[in-house]
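Chains as they are written, first to last, in this note's numbering: chain A, 436 to 858; chain B, 436 to 858; chain C, 436 to 858.
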Amino acid sequence: MTDASTTLSAEALVARQKADHGFEQALYRDEAVYALERERLFSGRWLFVDHDSLIPEPGDYFVREFLGESILFVRGRDNEPRAFYNVCRHRGSRICDAQRGNTKTLVCPYHAWSYNLDGSLRRAPHMPEDFDPQAYGLVQCDLRTRHGLMFIRLGPERRDDFAEMMAPFEQVLDFYGSGSARVAAREVLPVRANWKLVIENNQECYHCQIGHPEFFATMSSEYVLAFGAGPDSGPPDAMREFEQRIATFEQKAQSLGHLTGSYVDPADSAYFRAWSRVPYRDGFVSLTEDGQPVAPLMGHAKDFDGGRTAITFDPFTIMIGSVDYACIINMMPKGPLETDTILTWLVDADAEEGRDYDLERLKWLFDVTIRQDGVLAERNQLGVDSEAYRPGMYSLHEAAAVRFHDWYLAQMRQQAPRLAKTS
Amino acid sequence: MTDASTTLSAEALVARQKADHGFEQALYRDEAVYALERERLFSGRWLFVDHDSLIPEPGDYFVREFLGESILFVRGRDNEPRAFYNVCRHRGSRICDAQRGNTKTLVCPYHAWSYNLDGSLRRAPHMPEDFDPQAYGLVQCDLRTRHGLMFIRLGPERRDDFAEMMAPFEQVLDFYGSGSARVAAREVLPVRANWKLVIENNQECYHCQIGHPEFFATMSSEYVLAFGAGPDSGPPDAMREFEQRIATFEQKAQSLGHLTGSYVDPADSAYFRAWSRVPYRDGFVSLTEDGQPVAPLMGHAKDFDGGRTAITFDPFTIMIGSVDYACIINMMPKGPLETDTILTWLVDADAEEGRDYDLERLKWLFDVTIRQDGVLAERNQLGVDSEAYRPGMYSLHEAAAVRFHDWYLAQMRQQAPRLAKTS
Amino acid sequence: MTDASTTLSAEALVARQKADHGFEQALYRDEAVYALERERLFSGRWLFVDHDSLIPEPGDYFVREFLGESILFVRGRDNEPRAFYNVCRHRGSRICDAQRGNTKTLVCPYHAWSYNLDGSLRRAPHMPEDFDPQAYGLVQCDLRTRHGLMFIRLGPERRDDFAEMMAPFEQVLDFYGSGSARVAAREVLPVRANWKLVIENNQECYHCQIGHPEFFATMSSEYVLAFGAGPDSGPPDAMREFEQRIATFEQKAQSLGHLTGSYVDPADSAYFRAWSRVPYRDGFVSLTEDGQPVAPLMGHAKDFDGGRTAITFDPFTIMIGSVDYACIINMMPKGPLETDTILTWLVDADAEEGRDYDLERLKWLFDVTIRQDGVLAERNQLGVDSEAYRPGMYSLHEAAAVRFHDWYLAQMRQQAPRLAKTS
């Protein structure tokens, strides 16, 4: 799977794809392509983990799987969160079975080797004289937190600089208040499809009217056509219709002192980032079934301004928020034909379930919409698996999916990864 | 699986097999052999689908899987049945989830691209100016119907000519009346065995006395020995005993004006076809538990003449019929170690369940017999998987299985497929 | 999996491993390594089967799976037990579905070929004139029985001599009385881990205090440290503490005329054999929850002498016994990532369940302990599967596991197998 000849063939495959068409079948199936993706796309890149309010106290920990690796996230006595591979340095046993908890030390259940919360080896009985405990700390991963959001960097390479990656989001996350939020709910939806089919689906709203009647009802039809997958995601002239609505919304938002505007990375960027604030359909102020508020205001919001905030951290992680709650949609491969879509709902840190919000009402829209997307992606994989599948032409309403293809091909064709300026 | 070196090795394996022995283990297991079989044996060959009474009206459709491909069969406004790969030309989504129904247009549930019943693209919104709708019709498969029986041809090659393939069956299907029949029932039995083990089992009656007591009771022991798997399937001198029974039967059948006789392709044919009309045991007139009629007469039959009709369209498809009902046994691989045996029972188009026949009584014999065959083939696979398995010598009672081996090896050793005279 | 290049690579992998460390990930995962193990480690070696009291009468048989092969064990009319591959010589069908029974002949359920209990072909109807029945007997495996224990030798090679292999166990099995025992219970525990992780776990007691509280309570802490995985399995100076206990036990045992002592193969032996008799914790006389007797005395034991008998036939088969019952722990791979741990409990042939022993009380210790070991091995595999896994250093308390590594590497590096002196 990773020998020279197969890697070459994955590279050759990547070399001949076109951005404005679907990719060839092999890109949605082959182990060799997936191995190359792990190396060129996922290794060394900052990947979203979760909100750091999950581990508020020293000794708090949780375990997550990333690209098949079990990672242990633990807050140290010095209040710093750290990430370690969940693997004992003695015989390689998995250390932590539990998904979440609090502990004073990390003790391997096999032979009781124990580690301090900073990963250093604390005790290993009966070792030979030449054993150097300092050389046997847990294998650590880079971890950074900003505005409450934790990001991990896996693998030997250190491609991206964290501050540089986060820079365009400073203003919007500060307004939005993710730093003073907490997790209200989390759900994992397994999808039997290649991760790129899941992301292509996420990067276009051409399917929204037929595929998402509930979501479609929350936004105006002008939005869906012009802006459904972010700035410039629709046909070239669709924006004209929507701009009038944006102008009205921005006037109201600015009168409240709220942030307005949008951001998209240039086409040749190594990142795939964007954010925007745009209005709902008339009469709606939150992403709920009746358009009415569901939870207390978050961050610097003064009132319900009739708009939503969307952030694309990378193709894998999208945050869509009303001013009263947000849903983070994280799409991560588990193999060439398996993807997990992980939903994390955020509310203000002081909001209390039952008193301040009803959880079912809060979860409703993304619960129903992302399940629909899972069905669409699985059906897409079934067709792509056919000998009759041929890469198709993309519509003008799938411009952001084409940009994702552009970005993917540029990253995959890049032999030597950029070095991070700082770690 | 399909690169030059592996294909060579599958070819080398095929080259050294002997017809009068079991094949080597690899032929019953390897992915590379199966890939070569798809190319040389299944691609470009007419394969039985179903009876066309399944889709009597324009817009009627059904979906079937062939060799891992989902195929959509639909009757057009012009009353012509057509077959399409169930794959949208836009992004490759599977189009049709349902197994059967009626529709005015074929609409992909992903982005609502719609197709006419003849496969042409009907509507695709927001496409760029240079998009040519005519180039984006559904991928079509060759489909032919004769005497009510539909056959499909998959893959890029067009090996066999349909009229040539069907010619020997004209007379017998006309007598039998499959053109004026309809489907009474259908069942799919998955078998965890290589398809050749399923077919070898189907091509000999050496196992019938021990393996099929119910079937054995419907036919004479002379039949089982001499004719159990068709003309010349038993020991050389076994026919003498059975010929007396045939003569008596033919006299009666001819007195009713019924068809008699048999047909077998010559040994060097690219086809593996046969048909025959032979008598049951004394006192039996139908393939039922008590030997008595179960349904109204079919086709040109004037009365119960005491004989059955058997047709081998190819090694994969056998039709065995009394004059009052028929069962089509279709054995198709789903992979090197998985085969589906599909049973389709036909009755006269005017026969009505409950009034004219009892379905359980009608299905009884093949339901019980083909399940027994599934167990035999699975047990055979378990043994063939052993390191102790060695290709064994075939008995004189397995002559048709040896002929199947001959035919298989001839087809598999043929590098360039014959071109069809007409499509 | 078995072509030259892959085998070479498995050999290269084996060549660079170190005995006193964990092996590299590939040794615990790869198909190619497993294929080489089957060839160099399992083929031609005597492997434990079961107690021969399972088939006391002529015609008694049972079926077992070894390394993926179904083997039929049957006692002949001459009272000799024999082992055959469960594969018919005609078309390769599995012959025997049942797990256990009594039969006069072995009849294949496909075409009724029948075999005598000595494996010779008895009847095969309708075969051609040149068919030689003598050449079509069942494929036989070497089988030997000694002191009631059956051992099988699979594969084309005949490496080990049975009498030579069993020689060190004559005295201890005679004392223990396995020859006059019978099977009280049998259990199969499937473990999702490479077989070497299961055996490494079995060859050290570094994990006993944390992993096996029930087992730990039956033995003294001096035992666990010095002797938990047999002679010289603990830190170099740990034996001094335990020797005092051994001396006291041996005095008592010898006063009863019981066997005492121990045996370990030298480091350069082609075998990995050992046995020992050592004391329980004070007050315990049997491996039961309360330390009290559970069943009648076995073999030559005159009284409960306060000690246990442990026998390592090879790394795959350990027998641990009180003087009133024994448990045989057999760990056999089913694939690179699957191992079956099979427990067989023996009691005296005359002991009767209910009257002489309570089965639950008898099974308790090993039932609970070996299940715990299964969890430990599966957790170990999960960690070894990580990209962060690195072979770790072994403690002084894992000396027997290191000796297992030494033995494994010596066997695996040996290109040409030793020839057995006699079969």
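For each residue, glycine too, the CB sits at the ideal point set by N, CA and C.
Check the Cβ of Tyr550 of chain B against every Cβ in chain E and list those closer than 7 angstroms, keeping chain order. The structure shown contains no chain E; its protein chains are A, B and C.
Against chain C, which members of the stretch 646-669 of chain B pass a CB distance test of less than 9 angstroms? Cβ contacts with chain C: Gly646, Leu660 and Gly669.
Please report the Cβ distance between Pro670 of chain A and His561 of chain B, rounded to the nearest whole angstrom; I am assuming they are in contact, meaning their Cβ atoms lie under 8 angstroms. Rounded to the nearest angstrom, the Cβ distance from Pro670 of chain A to His561 of chain B is 6 angstroms, consistent with a contact under 8 angstroms.
With a cut-off of 9 angstroms, does the C-beta of Pro826 of chain C fall near any C-beta of chain A? With respect to chain A, the C-beta atom of Pro826 of chain C has a partner C-beta closer than 9 angstroms.
Excluding the 5 residues flanking Ser505 of chain B on each side, which residues of the same chain have their C-beta closer than 7 angstroms to its C-beta? The answer, listed in chain order, is Val498, Asn521 and Arg529.
So, with DSSP's three-state summary, where would you put Thr695 of chain C? Thr695 of chain C sits in coil when the DSSP states are folded into three classes, being neither helix nor strand.
Could you confirm whether any beta carbon from chain A is found closer than 9 angstroms to the beta carbon of Ser444 of chain B? Against chain A, the CB of Ser444 of chain B has no partner CB under 9 angstroms away; the residue lies outside that interface.
Which residues in the same chain have their Cβ closer than 7 angstroms to the Cβ of His647 of chain B, if we skip the five residues on either side of it in sequence? Within the same chain, Thr804 and Gln807 come within 7 angstroms of His647 of chain B by CB-CB distance, once the 5 residues on both sides are set aside.
Could you give the uninterrupted runs of the alpha helix (DSSP H) lying entirely in the stretch 760-838 of chain B, keeping only those of 4 residues or more? Look at the stretch 760-838 of chain B and you find these whole runs of alpha helix (DSSP H), each 4 residues long or longer: 794-819.
Taking DSSP's pairing of strands, which residues face Val542 of chain A in a bridge? DSSP, once it has assigned bridges, lists A:Ser549 as partnering Val542 of chain A.
Using a beta-carbon distance below 9 angstroms, is Val522 of chain A in contact with chain C? It does: the Cβ of Val522 of chain A has a partner Cβ on chain C nearer than 9 angstroms.
Roughly how many angstroms lie between the CA atoms of Arg510 of chain A and Ile490 of chain A, to the nearest whole one? Near 6 angstroms, if we compare the C-alpha coordinates of Ile490 of chain A and Arg510 of chain A.
What's the gap between the Cα of Arg796 of chain A and the Cα of Ser721 of chain A? Arg796 of chain A and Ser721 of chain A have their C-alpha atoms roughly 11 angstroms apart.
Three-state secondary structure assigned by DSSP to Arg853 of chain B: For Arg853 of chain B, the predicted model reports a pLDDT of 49, less than 50, meaning its position is unreliable and no value from the coordinates is stated.
Would you kindly work out how many angstroms separate the C-alpha atoms of Glu649 of chain A and Ala461 of chain B, rounded to a whole number? For Glu649 of chain A and Ala461 of chain B, the distance between alpha carbons rounds to 54 angstroms.
Take Leu584 of chain B and list the residues in its own chain whose beta-carbon comes closer than 7 angstroms to its own, dropping the five residues that flank it on each side. If we look at Leu584 of chain B and ignore the five residues flanking it on each side, its Cβ neighbours are Phe483, His486 and Ser613.
CA-to-CA distance, Pro771 of chain A to Asp465 of chain A, given in whole angstroms: In a straight line, the C-alpha of Asp465 of chain A is about 7 angstroms away from that of Pro771 of chain A.
Reduced DSSP category for Cys643 of chain B - H, G, I as helix; E, B as strand; rest coil: Here Cys643 of chain B sits in helix by DSSP.
Can you have a look at Thr774 of chain A and say buried or exposed, based on whether 16 or more other CB atoms are within 10 angstroms of its CB? Taking all protein chains in view, the Cβ of Thr774 of chain A is crowded by 16 or more other Cβ atoms within 10 Å, so the residue is classified as buried.
Where does the unbroken alpha helix (DSSP H) through Gln575 of chain B begin, and where does it stop? It is not in any alpha helix (DSSP H) - Gln575 of chain B instead sits in the beta strand (DSSP E) that spans Gln575 to Arg581.
Ala620 of chain B versus Leu781 of chain B - alpha carbon distance: Separation of Ala620 of chain B and Leu781 of chain B (C-alpha to C-alpha, rounded to the nearest whole angstrom) is 7 angstroms.
For the stretch 539-568 of chain B, which residues have a beta carbon sitting closer than 8 angstroms to at least one beta carbon of chain A? Those residues of the stretch 539-568 of chain B placed with their C-beta closer than 8 angstroms to a C-beta in chain A are Pro544, Tyr545, His546, Ala547, Ala559, Pro560, His561, Met562, Pro563 and Phe566, ordered along the chain.
Beta-carbon proximity list for Gly457 of chain C, same chain, < 7 angstroms, skipping 5 on both sides: If you ignore the 5 residues before and after Gly457 of chain C, its C-beta comes within less than 7 angstroms of the C-beta of Pro826 and Gly827, all in its own chain and listed in chain order.
Count the CB pairs spanning the stretch 658-666 of chain B and the stretch 575-584 of chain B that are closer than 8 angstroms, and state whether there are at least three. In this structure the stretch 658-666 of chain B does not touch the stretch 575-584 of chain B; the number of beta carbon pairs closer than 8 angstroms is below three.
Closer than 8 angstroms: Glu685 of chain A CB and nearest the ligand GDP heavy atom: With respect to the ligand GDP, the structure offers nothing, as it holds no ligand at all.
Could you give the first and the last residue of the continuous alpha helix (DSSP H) run that contains Ile587 of chain B? Counting along the chain, Ile587 of chain B falls outside any alpha helix (DSSP H), though it belongs to the beta strand (DSSP E) covering Leu584 to Arg588.
Does any residue of chain A bring its CB to less than 9 angstroms from the CB of Gln644 of chain C? Under the Cβ distance rule, Gln644 of chain C counts among the residues neighbouring chain A, one pair being separated by less than 9 angstroms.
What is the C-beta distance between Met766 of chain C and Ile634 of chain C, in whole angstroms, given that I count them as a contact (C-beta under 8 angstroms)? Indeed they touch by this definition, with Cβ atoms about 6 angstroms apart.
What does the alpha-carbon distance come out to for the pair Ser444 of chain B and Arg473 of chain B? It is roughly 15 angstroms from the alpha-carbon of Ser444 of chain B to the alpha-carbon of Arg473 of chain B.
Is the beta carbon of Asp802 of chain A closer than 9 angstroms to that of Glu622 of chain A? Contact flag set, yes.
Which of the three DSSP states, helix, strand or coil, is assigned to Tyr571 of chain A? Correct three-state label for Tyr571 of chain A: helix.
Counting only Cβ pairs nearer than 7 angstroms, list the residues of chain B close to Val803 of chain A. The premise fails here: Val803 of chain A is roughly 16 angstroms from chain B at the closest Cβ pair, so nothing lies under 7 angstroms.
Under 9 angstroms, do Pro388 of chain B and Tyr641 of chain B count as touching if we go by C-beta distance? Chain B is shown from 436 up to 858; residue 388 of chain B falls before or after that span and cannot be answered.
Smallest Cα separation from Arg743 of chain C: which of C:Ala812, C:Arg838 and C:Gly696? When only C-alpha atoms are compared, the closest one is C:Gly696.
Who are the neighbours of Arg529 of chain A on chain C, taking C-beta pairs under 7 angstroms? By Cβ distance, chain C contributes Arg814, Leu817 and Gly818.
Of all the CB atoms in chain A, is at least one closer than 9 angstroms to the CB of Glu504 of chain B? For Glu504 of chain B, the answer is yes, since a Cβ of chain A falls inside 9 angstroms of its Cβ.
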